[in-house]
Amino acid sequence: MIFLLSVPTSHVVCIFYLVLRALDTVEDDMTISLETKIPILQKFHSYLYQPEWRFMGSNDKDKQVLEDFQTISLEFWKLKKVYQDVFADICSKVGFGLAEFLEKKVESVKEWDKVSVLSQQIFMVVITCQQNEGFF
Numbered sequence: 001m002i003f004l005l006s007v008p009t010s011h012v013v014c015i016f017y018l019v020l021r022a023l024d025t026v027e028d029d030m031t032i033s034l035e036t037k038i039p040i041l042q043k044f045h046s047y048l049y050q051p052e053w054r055f056m057g058s059n060d061k062d063k064q065v066l067e068d069f070q071t072i073s074l075e076f077w078k079l080k081k082v083y084q085d086v087f088a089d090i091c092s093k094v095g096f097g098l099a100e101f102l103e104k105k106v107e108s109v110k111e112w113d114k115v116s117v118l119s120q121q122i123f124m125v126v127i128t129c130q131q132n133e134g135f136f
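Each residue of the sequence shown is one higher than the last, beginning at 1 in the numbering used here.
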């Protein structure tokens, strides 16, 4: 459905998707130790501003987004500052949220609600991209 969006909008959505795909790839890769994974997840938002950062230690099927993160970062830098700020904020929240749940066992519905809120924030950014062309 992204092809139905205007070019500027689809570009922003694609960059957002690739950033989140990279973040999720770190979380999904069971070959990365928790000692390595947790700090990466917690600092992931800062890697958006480090043009040389990439991660070569993944064995996940989507490892290319981490190995070529420099390209994603370069495209991120081309976005309007408002998008950069929103993406970095969401990455920070998601990264810390993922790290938190990796470190402990979820034992209540209230703890799962944190995951739900993060998912809703991501969904709202995508919906905004689709419905509010003026935002871009």
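Where is the CB? At the ideal position from N, CA and C, for every residue including glycine.
message: If I measure Cβ to Cβ from L4 and keep anything under 7 Å in the same chain, skipping five residues before and after, which residues do I get?
response: Here residue 4 refers to the residue found at position 4 when the sequence shown is read from its first residue. Confidence at L4 is low in this model, with a pLDDT of 48, below 50, so the placement of that residue should be treated as unreliable; the coordinate-derived value is given next. Once the five neighbours on either side are set aside, L4 has no close Cβ partner at all.
task: Find out if the Cβ-Cβ distance for the pair L20, V65 is shorter than 7 Å.
output: As a first step, residue 20 is located in the sequence shown; it is residue number 20 there, counting from the start. As a first step, residue 65 is located in the sequence shown; it is residue number 65 there, counting from the start. Going by C-beta atoms, L20 is not nearer than 7 Å to V65.
7 Å Cβ cutoff met for D29 and D60: For the purposes of this step, residue 29 is taken as the residue at position 29 of the sequence shown. For the purposes of this step, residue 60 is taken as the residue at position 60 of the sequence shown. In contact: D29 and D60 (Cβ atoms closer than 7 Å).
message: Tell me the DSSP secondary structure of F61 in three-state form.
response: Walking along the sequence shown from the start, residue 61 turns up at place 61. Note on identity: in this sequence residue 61 is Lys, with Phe being the wrong assignment. If DSSP states are grouped into helix, strand and coil, K61 belongs with coil.
query: Would you say I38 and A99 are within 7 Å of each other, going by their C-beta atoms?
result: Numbered from 1 along the sequence shown, position 38 holds the residue referred to as residue 38. Numbered from 1 along the sequence shown, position 99 holds the residue referred to as residue 99. Yes.
field: Same chain only: Cβ atoms within 8 Å of M56, ignoring 5 sequence neighbours per side
entry: In the sequence shown, the residue the question calls residue 56 occupies position 56. Same-chain partners within the cutoff: L66 and E67.
field: F96 versus V12, E27 and H11, residue with shortest Cα-Cα distance
entry: Working through the sequence shown from its first residue, we reach residue 96 at position 96. Among V12, E27 and H11, the Cα nearest to that of F96 is on E27.
field: 8 Å Cβ shell around E52 - same chain, five flanking residues per side excluded
entry: Taking the first residue of the sequence shown as position 1, residue 52 is located at position 52. Cβ within range, chain order: Q70.
- request: State the Cα-Cα distance for the pair S108 and T25, rounded to the nearest angstrom.
  value: Translated into positions along the sequence shown, residue 108 becomes position 108. Translated into positions along the sequence shown, residue 25 becomes position 25. Taking the straight line from one Cα to the other gives about 26 Å.
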